[in-house]
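Okay, so the sequence shown: first residue is 3 according to our numbering, each after it adds one. Only one structure is covered here, and it is reproduced in the block below.
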Amino acid sequence: MTTITKDKVVRMHYTLTNDAGEQLDSSQGGEPLAYLHGAKNIIAGLEAELEGKEQGAALKVTVQPGQAYGEYQDQLKQEVEKSKFGEDFDLKEGEKFQAQTEQGPIIGAVIEIKDDTVIVDFNHDLAGVTLHFDVEIMEVRDASDEEIEHGHVHGPGGHQH
Ligand code: ZN
């Protein structure tokens with residue numbers, strides 16, 4: 003049996019739910035997700051649990067926020083001047099935008115629009131959320147030298163270049 007170790011390509015179906023059992027994401031009905039094990043292609047908590055598992059295995063994995071998209075940080079919710087947004091920006095609640103920081107670009111979301119200011123939130127959508135994965139491992143194979151060099155999977159479910 004092929005087991006999951008560093009530099010293996012894994013193709014898996016997964017369904018992701020939160021604590022309330024609401025489905026957040028799923029590969030069912032589409033291509034399985036393909037990732038290169040040990041290359042940080044997927045969240046740390048899930049990758050760690052998949053280590054040593056065999057092709058054909060089905061498992062449930064719970065990942066705490068610290069091992070997934072991080073804890074929710076109150077300071078990442080900010081009130082900014084409306085004028086910070088360009089005139090071309092369609093300012094409405096729920097709208098996502100990219101902002102430049104010293105650490106590089108980050109994605110924010112418009113939470114609330116006030117008279118002169120806007121409440122924005124730079125937390126990841128899944129920050130503070132405990133993730134429940136239902137995983138079925140469809141295939142485990144050796145990665146090619148090129149895949150290891152690139153740090154990601156080529157072909158179905160992976161990069162197409
Ligand atoms: Zn590549």
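Where is the CB? At the ideal position from N, CA and C, for every residue including glycine. Every value quoted in this text rests on a predicted model; they were computed, and no experiment measured them.
### Query
Taking residue 19 as the reference, which of 67, 156, 161, 134 has the closest Cα?
Locating residue 19 in the sequence shown gives position 17, counting from the first residue. Checking every option, the nearest Cα to that of residue 19 belongs to 134.
### Task
Tell me whether residue 104 counts as near ligand 1, meaning its Cβ is closer than 8 Å to at least one heavy atom of that ligand.
The residue labelled residue 104 in the question sits at position 102 within the sequence shown. No, the beta carbon of residue 104 sits no closer than 8 Å to any heavy atom of ligand 1.
### Task
Compare the C-alpha of residue 6 against each of 28, 24, 51 and name the closest.
The residue labelled residue 6 in the question sits at position 4 within the sequence shown. Closest by alpha carbon: 51.
### Task
Determine the extent of the beta strand (DSSP E) in which residue 49 is found, giving its start and end residues.
Here the question's residue 49 lines up with position 47 in the sequence shown. Here residue 49 belongs to no beta strand (DSSP E); instead the alpha helix (DSSP H) covers 46-52.
### Query
If we count Cβ pairs, one from each stretch, closer than 8 Å, do we get three or more for the stretch 39-47 versus the stretch 65-79?
yes
### Query
Just the Cα atoms here: how many angstroms apart are residue 88 and residue 114?
Working through the sequence shown from its first residue, we reach residue 88 at position 86. Working through the sequence shown from its first residue, we reach residue 114 at position 112. Distance between the alpha carbons of residue 88 and residue 114 is about 17 Å.
### Query
Expressed to the nearest angstrom, what Euclidean distance is found between the alpha-carbon atoms of residue 130 and residue 112?
In the sequence shown, counting from the first residue as 1, residue 130 sits at position 128. In the sequence shown, counting from the first residue as 1, residue 112 sits at position 110. So the two alpha carbons sit approximately 18 Å from each other.
### Task
Would you list, in sequence order, the uninterrupted beta strand (DSSP E) runs of no fewer than 3 residues that lie entirely inside the stretch 117-151?
119-123, 133-144
### Task
Answer yes or no: do residue 150 and residue 13 have a C-beta to C-beta separation smaller than 9 Å?
Locating residue 150 in the sequence shown gives position 148, where the first residue counts as 1. Locating residue 13 in the sequence shown gives position 11, where the first residue counts as 1. Going by C-beta atoms, residue 150 is not nearer than 9 Å to residue 13.
### Task
Starting from the N-terminal side, write out each stretch of the alpha helix (DSSP H) that is 4 residues or longer and does not extend beyond the stretch 28-100.
46-52
### Query
Count the other CB atoms within 10 Å of the CB of residue 84; is the residue buried (16 or more) or exposed (fewer)?
Position 82 of the sequence shown holds residue 84. So residue 84 counts as exposed.
### Query
Could you give the C-beta distance for residue 136 and residue 10, rounded to a whole number, given that I count them as a contact under 8 Å?
Translated into the one-based positions of the sequence shown, residue 136 becomes position 134. Translated into the one-based positions of the sequence shown, residue 10 becomes position 8. Their Cβ separation, rounded to whole angstroms, is 21 Å, which puts residue 136 and residue 10 out of contact at 8 Å.
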